[in-house]
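In what follows, a single structure is set out as structure tokens and then discussed.
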Amino acid sequence: MFKKLWASVVEFMTDVRGEIKKISFPTRAETIGSTTVVIVFCIIMSLYLSVLDSFLVWLVSKII
1068 MFKKLWASVV EFMTDVRGEI KKISFPTRAE TIGSTTVVIV FCIIMSLYLS VLDSFLVWLV
1128 SKII
């Protein structure tokens, strides 16, 4: 029973080592580019939601 358990643990660790070798990390330029896109998108969306919220507040105040 322990041999079977140990063999499955060894096989799992071998598979993990093989998968870790497949990992590719982004370059510095790719990371900076992706971060810039996310920050710009967040700024644009926050401005859009702010304008939309202000409009809806104005609209509701006119209705009431």
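According to the numbering used here, numbering within the sequence shown proceeds without interruption in unit steps and concludes at 1131. Heads up, the beta-carbon is just placed ideally off N, CA and C, and yes, glycines get one too. If you're wondering where the values come from, they're calculated on a predicted model, not measured in any experiment.
Between the C-alpha atoms of residue i and residue j, what's the straight-line distance to the nearest angstrom?
i: W1125; j: F1108; result: 26 angstroms
i: V1076; j: E1086; result: 15 angstroms
i: S1101; j: R1095; result: 10 angstroms
i: M1112; j: I1106; result: 10 angstroms
i: F1092; j: I1110; result: 27 angstroms
i: L1119; j: I1099; result: 30 angstroms
Excluding the 5 residues preceding and the 5 following residue i in the sequence, name in chain order all residues of the same chain whose CB lies nearer than 8 angstroms to its CB.
i: M1011; result: Because the chain in this structure spans residues 1068 to 1131, residue 1011 falls outside the shown range and cannot be described.
i: F1122; result: none
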